[in-house]
Amino acid sequence: MTMEELLPLIDTVLIIISGSAVVAGVILIKKKMVDYHKYAMLTATTFAALFLVVYVTRYLLYGSKLFVGEGWVLAVYVAILASHVILSIVIIPLVLITLYRALTKQFERHKAIARYTVPIWLYVVVTGWIIYLMLYHLPVENL
Ligand code: HEM
Numbered sequence: 030m031t032m033e034e035l036l037p038l039i040d041t042v043l044i045i046i047s048g049s050a051v052v053a054g055v056i057l058i059k060k061k062m063v064d065y066h067k068y069a070m071l072t073a074t075t076f077a078a079l080f081l082v083v084y085v086t087r088y089l090l091y092g093s094k095l096f097v098g099e100g101w102v103l104a105v106y107v108a109i110l111a112s113h114v115i116l117s118i119v120i121i122p123l124v125l126i127t128l129y130r131a132l133t134k135q136f137e138r139h140k141a142i143a144r145y146t147v148p149i150w151l152y153v154v155v156t157g158w159i160i161y162l163m164l165y166h167l168p169v170e171n172l
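Per this note's numbering, the sequence shown starts with residue 30, numbered consecutively.
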């Protein structure tokens with residue numbers, strides 16, 4: 030496996046760990062385990078930040094990879110990619126505000142914004158994973 034193939038794989042693993050930590054964080058707060066919720070969400074944020082570092086490095090080294098599919102597969106890919114890119118920009122301030130409100134103990138306001146942060150974060154994670162699979166592992170020749 031070349032470096033050009035390895036970096037997106039590392040990225041996808043980081044994003045999956047981040048998403049799993051978000052899901053764990055939600056389950057933990059439902060069980061009122063505040064400290065574990067805090068650690069899970071800080072872990073999720075750390076892995077999301079690592080993801081960003083690897084993503085930017087890969088982009089600077091290799092640029093973006095073009096999708097080779099055509100027709101309806103391309104249309105689906107573009108729709109997923111566009112929503113993923115827009116929401117991945119939106120999620121950055123959302124996560125920072127959610128964290129800030131928690132760490133400054135404004136828990137009611139934290140909860141109010143977290144209601145949007147969690148689903149958008151998970152959407153970005155799942156679509157990131159789908160984009161990776163479509164770009165690197167979809168046998169488009171057979172569609
Ligand atoms: C970006 C990271 C975080 C996200 C996405 C997040 C998400 C959430 C969500 C969705 C809830 C509401 C759960 C429900 O309504 O049942 C919640 C509640 C809560 N979170 Fe976080 N959280 C994050 C970070 C933190 C951190 C770092 C702390 C640190 C102490 C924290 C402390 C709390 C507490 C105490 C509650 C309960 C508030 C209440 O019920 O009054 N959260 N969080």
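For each residue, glycine too, the CB sits at the ideal point set by N, CA and C.
Tell me which residue opens and which closes the alpha helix (DSSP H) that residue i is part of.
{"i": "G98", "result": "Note, G98: premise wrong, no alpha helix (DSSP H); not H, not E."}
{"i": "G54", "result": "M32 to K59"}
{"i": "M70", "result": "V63 to Y91"}
{"i": "T156", "result": "F136 to H166"}
What residues in its chain sit with their C-beta under 8 Å from that of residue i, if we drop five residues either side in the sequence?
{"i": "A50", "result": "A69, M70, T72, A73 and F76"}
{"i": "V154", "result": "I44, I45, S47, G48 and V51"}
Near residue i, which residues of its chain fall below 7 Å by C-beta distance, leaving aside the five closest residues on each side in sequence?
{"i": "K94", "result": "L164"}
{"i": "V55", "result": "V147"}
{"i": "T127", "result": "H139, I142, A143 and T146"}
{"i": "I160", "result": "I109, L110 and H113"}
Is any heavy atom in ligand 1 found nearer than 7 Å to the beta carbon of residue i?
{"i": "R138", "result": "no"}
{"i": "I44", "result": "no"}
{"i": "M70", "result": "yes"}
{"i": "I160", "result": "no"}
{"i": "A182", "result": "The requested residue 182 does not occur in the structure, where the chain is confined to residues 30 to 172."}
{"i": "K67", "result": "yes"}
Could you pull out every residue in the same chain whose Cβ sits closer than 6 Å to the Cβ of residue i, ignoring the five residues on either side in sequence?
{"i": "A131", "result": "H139"}
Work out the CA separation of residue j and residue i for me, nearest whole Å.
{"i": "Y65", "j": "G92", "result": "38 Å"}
{"i": "I142", "j": "P122", "result": "11 Å"}
{"i": "Q135", "j": "V124", "result": "15 Å"}
{"i": "L81", "j": "L167", "result": "24 Å"}
{"i": "T31", "j": "E137", "result": "48 Å"}
{"i": "V105", "j": "W158", "result": "14 Å"}
{"i": "L36", "j": "W101", "result": "28 Å"}
{"i": "F96", "j": "L103", "result": "8 Å"}
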